[in-house]
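Just so we're aligned: the sequence shown equals residues 15 to 156 in my numbering.
In what follows, a structure is listed as structure tokens, so that the remarks can point back to it.
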Amino acid sequence: MLPDKKKEVLSTLFGYAKNTLLASYVPKRNNAVILLSTQHTNFDISEHNMKPEVILEYNATKSGVVTLDMMSRQYTVQRGTKRWPLAIFYDIVDMAAINAYVLHTMVSPTISKKKGARRLFLISLGKEMAEPEVKRRMENHQ
15 MLPDKKKEVL STLFGYAKNT LLASYVPKRN NAVILLSTQH TNFDISEHNM
65 KPEVILEYNA TKSGVVTLDM MSRQYTVQRG TKRWPLAIFY DIVDMAAINA
115 YVLHTMVSPT ISKKKGARRL FLISLGKEMA EPEVKRRMEN HQ
């Protein structure tokens, strides 16, 4: 399933277990696109461009994933770490911030039209989240 120099370009390898399909498509030499799907059960390949149907459907519906990835990279809490639980935690915080912004714009749709609205929202969110800890430290310091 992994990339291999010996695999033929535009070839596809399928794996199937119970209700899960694994497809490995080779778009170019020494490269493989691997998808896991519980929605697809057939091994259909398009005659037009030699791609498996599971890849074609993903490409047709991936815009939400691409947008989420782009938003996550634009403003992120990610830091370099070798500890995978921390990396997952950073991803969760990024997703929570994006979800909070989406909900905020649903309540106040005019806010999202302003330039830099998401950045200002995230700054405000950070300040609001830090405020209780700052107050607690100020009270303990005195």
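Built from N, CA and C at the ideal position, the CB exists for glycine as well.
Beta-carbon within less than 8 Å of residue i's beta-carbon, same chain only, minus the 5 sequence neighbours each way: which residues are those?
{"i": "Lys19", "result": "Arg43, Asn44"}
By Cβ distance, which residues of its chain are closer than 7 Å to residue i, with the 5 residues on each side in sequence left out?
{"i": "Leu139", "result": "Ala111, Ala114"}
When you compare only the Cα positions, how much space is there between residue i and residue j?
{"i": "Met109", "j": "Lys129", "result": "21 Å"}
{"i": "Ser122", "j": "Val116", "result": "10 Å"}
{"i": "Leu82", "j": "Met120", "result": "17 Å"}
{"i": "Lys149", "j": "Leu50", "result": "48 Å"}
{"i": "Met152", "j": "Asp105", "result": "31 Å"}
{"i": "Gly94", "j": "Leu136", "result": "21 Å"}
{"i": "Leu100", "j": "Thr90", "result": "14 Å"}
{"i": "His118", "j": "Gly78", "result": "18 Å"}
{"i": "Pro17", "j": "Tyr72", "result": "20 Å"}
{"i": "Ala46", "j": "Lys32", "result": "23 Å"}
{"i": "Pro41", "j": "Trp98", "result": "30 Å"}
Using a 10 Å radius around the Cβ and a threshold of 16 neighbouring Cβ atoms, would you call residue i buried or exposed?
{"i": "Tyr30", "result": "exposed"}
{"i": "Lys96", "result": "exposed"}
{"i": "His155", "result": "exposed"}
{"i": "Ala133", "result": "Checking the displayed sequence, the identity of residue 133 turns out to be Arg instead of Ala. When all chains shown are included, Arg133 counts as exposed."}
{"i": "Pro80", "result": "A quick correction: the sequence has Val, not Pro, at residue 80. Its Cβ having fewer than 16 others within 10 Å, Val80 is exposed."}
{"i": "Lys127", "result": "exposed"}
{"i": "Lys141", "result": "exposed"}
{"i": "Ser38", "result": "buried"}
Spatial neighbours of residue i within its chain, please: C-beta separation below 6 Å, excluding the five flanking residues on both sides.
{"i": "Leu24", "result": "Met64"}
{"i": "His54", "result": "Leu35, Val68"}
Exercise for the section: Decide yes or no for the touch test of the stretch 60-69 against the stretch 84-93: beta carbon pairs closer than 8 Å, at least 3 of them. Expected result: Flag = no, the stretch 60-69 and the stretch 84-93 do not touch.
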